[in-house]
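These notes are about the structure you will find just below.
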Amino acid sequence: MKKNKIFGALLLSTAAGIWGGMFVVVKVVVEFIPPIELVWLRYLIAIVALFIIGFLQRVDWRVKRKDLPLIILIGVIGNALSIVTQETGTWLSSAQLGAVITAATPTFMVLFAWWLLKERLTWVKIGSVALATIGVLMIVGVHAIGIEKLLGAVSLVIAALTWALMSVLIKLVPGKYAPVQVTTLATATAIVCLSPIVFIQRSAVHWHYLMQPAVIFCLLYLGVISTAVAFVMWNRGLQLMNAASSGLFFVFQPLVGTLLGWLILGEAIGLGFWVGVCLISASIWINIRYSD
Numbered sequence: 580m581k582k583n584k585i586f587g588a589l590l591l592s593t594a595a596g597i598w599g600g601m602f603v604v605v606k607v608v609v610e611f612i613p614p615i616e617l618v619w620l621r622y623l624i625a626i627v628a629l630f631i632i633g634f635l636q637r638v639d640w641r642v643k644r645k646d647l648p649l650i651i652l653i654g655v656i657g658n659a660l661s662i663v664t665q666e667t668g669t670w671l672s673s674a675q676l677g678a679v680i681t682a683a684t685p686t687f688m689v690l691f692a693w694w695l696l697k698e699r700l701t702w703v704k705i706g707s708v709a710l711a712t713i714g715v716l717m718i719v720g721v722h723a724i725g726i727e728k729l730l731g732a733v734s735l736v737i738a739a740l741t742w743a744l745m746s747v748l749i750k751l752v753p754g755k756y757a758p759v760q761v762t763t764l765a766t767a768t769a770i771v772c773l774s775p776i777v778f779i780q781r782s783a784v785h786w787h788y789l790m791q792p793a794v795i796f797c798l799l800y801l802g803v804i805s806t807a808v809a810f811v812m813w814n815r816g817l818q819l820m821n822a823a824s825s826g827l828f829f830v831f832q833p834l835v836g837t838l839l840g841w842l843i844l845g846e847a848i849g850l851g852f853w854v855g856v857c858l859i860s861a862s863i864w865i866n867i868r869y870s871d
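Just so you know, the sequence shown maps onto residues 580 to 871 in the working numbering.
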């Protein structure tokens, strides 16, 4: 049981770390491709990668009719609404603002897990989430929030809420379905949801940008690594841990995003970053060590 929790923690941390790098990538490519079209292209690439992964794993793609509505709901809430609002919010504001609001995701997951899954609200869960939230705020700084970025902030709050809800809903999917199977069906649902919008707005997009090497690299990262690989890892990690505890590992997204901003973009980090890292590390250790 303890090994499962450690393996689940490793999967969740790695997935969130990959998404931390995604903030930098999105800020680059969203200048050329609008958010909705970017998510749509990202999923088209991901669906191919997911089918290859599923083929290699010899996944049985059959789904019982009674389980299909839940998986479709996961696709609409998590893969479509959450990702579109996240990339829109990042486009309208900044990666730092996205990191601040991302800190709310674990809190939302604790609340949704208590409401939908009847998981107990323990002091360990509440305390570890509080430590992680303070740690993220120490890393990115509350000064990142400004009134002029209100629309982006609202979009990012919606993204945090819907991602937390999606992560809890995945716990309701029967364990007989492989993570790659759930991820593939949810991704296909998002493609169906976004295709009419992309078709209507097709003339407003400068598709020739797709020929640029930097854009191609960004799309491959978003589609293969950030979606196909990271989503499967996140969904598998969710199966191995309770929903409330799983949310803690989402804080690796802003941590990695801030660190990469320092390494790649030359953004300054101060004492608050290292204090935040210590607080996040403490919160995760407490959760793994003492939660049920």
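Ideal Cβ positions, reconstructed from N, Cα and C, are used throughout, including at glycine. Predicted, not measured: the structure shown is a model, and the values here were computed from it.
Count the other CB atoms, across all protein chains shown, that sit within 10 Å of the CB of residue i; report buried if there are 16 or more and exposed otherwise.
i      : result
Ile585 : exposed
Glu616 : buried
Lys606 : buried
Asn658 : buried
Pro792 : exposed
Ile631 : exposed
His722 : Residue placement at His722 cannot be trusted, given a pLDDT of 49 that sits under 50; what the coordinates show is reported in the next sentence. The residue is exposed, with fewer than 16 neighbouring Cβ atoms inside 10 Å.
Val627 : exposed
Arg569 : Because the chain spans 580 through 871 in this model, residue 569 falls outside it and cannot be assessed.
Glu610 : exposed
Pro775 : exposed
Asn855 : For clarity, residue 855 is Gly in the given sequence; the question names Asn instead. Its Cβ being crowded by 16 or more others within 10 Å, Gly855 is buried.
Met717 : buried
Thr780 : Just to set this straight, residue 780 is Gln in the shown sequence, not Thr. It is exposed - the Cβ of Gln780 has fewer than 16 other Cβ atoms within 10 Å.
Gly880 : Nothing can be reported for residue 880: it is not among the residues displayed for the chain, which extend from 580 to 871.
Leu773 : buried
Gly849 : exposed
Phe834 : Sequence inspection shows Leu at residue 834; the Phe mentioned does not correspond to that position. Buried, because 16 or more other Cβ atoms sit within 10 Å of the Cβ of Leu834.
Spatial neighbours of residue i within its chain, please: CB distance less than 7 Å, with the 5 preceding and 5 following residues excluded, ordered by chain position.
i      : result
Ile804 : Ile597
Gln957 : Here the chain covers residues 580 to 871 and nothing more, so residue 957 does not appear.
Lys750 : Leu696, Leu817 and Ala822
Thr593 : Met812
Pro753 : Asp646
Ala738 : Ser661, Thr664, Gln665 and Gly668
Leu629 : Val759, Thr762, Thr763, Thr766 and Ala807
Leu649 : Leu748, Leu751 and Val752
Cys797 : Val604, Val607 and Val608
Put residue i into one of helix, strand or coil per three-state DSSP.
i      : result
Gly816 : helix
Asn821 : coil
Phe630 : helix
Thr667 : helix
Tyr756 : coil
Val642 : coil
Pro648 : helix
Thr701 : coil
Leu751 : coil
Phe611 : coil
Gly845 : coil
Gln832 : helix
His785 : coil
Arg637 : coil
Leu799 : helix
Leu933 : Any question about residue 933 goes unanswered here, given that the chain covers just 580 to 871.
Leu617 : helix
Leu696 : coil
Ala723 : Legend: pLDDT at Ala723 = 49, less than 50; position of this residue unreliable, value from coordinates given subsequently. Helix.
Suppose the cutoff is 6 Å on Cβ atoms and the five residues either side in sequence are ignored; what does the same chain contact list for residue i look like?
i      : result
Leu839 : Gly600 and Val603
Gly802 : Arg621, Ile624 and Ala625
Phe691 : Ala743, Leu744 and Val747
Phe778 : none
Leu730 : Leu671
Tyr800 : Val604
My assumption, with CB atoms under 8 Å, is that residue i sits in contact with residue j. Please give the rounded CB distance.
i      : j      : result
Thr741 : Ile656 : 5 Å
Val708 : Glu666 : That belief does not hold up - the Cβ atoms of Val708 and Glu666 are roughly 25 Å apart, past 8 Å.
Leu819 : Asn583 : 5 Å
Thr768 : Gly633 : About 16 Å; that fails the 8 Å criterion.
Trp694 : Leu700 : That belief does not hold up - the Cβ atoms of Trp694 and Leu700 are roughly 10 Å apart, past 8 Å.
Using a Cβ-Cβ cut-off of 8 Å (strictly less than) and excluding sequence neighbours within five positions of residue i, which residues of its own chain qualify?
i      : result
Trp786 : none
Cys857 : Gly714
Ile705 : Val689
Leu710 : Leu858, Ile859, Ala861, Ser862 and Ile865
Ala783 : Pro613
Ile770 : Trp619, Tyr622, Leu623 and Ile626
Ser825 : Gly587, Leu591, Met688, Ser746, Gly816 and Leu817
Using a Cβ cut-off of 8 Å (strictly closer), state whether residue i contacts chain C.
i      : result
Tyr756 : The structure shown contains no chain C, having only a single protein chain.
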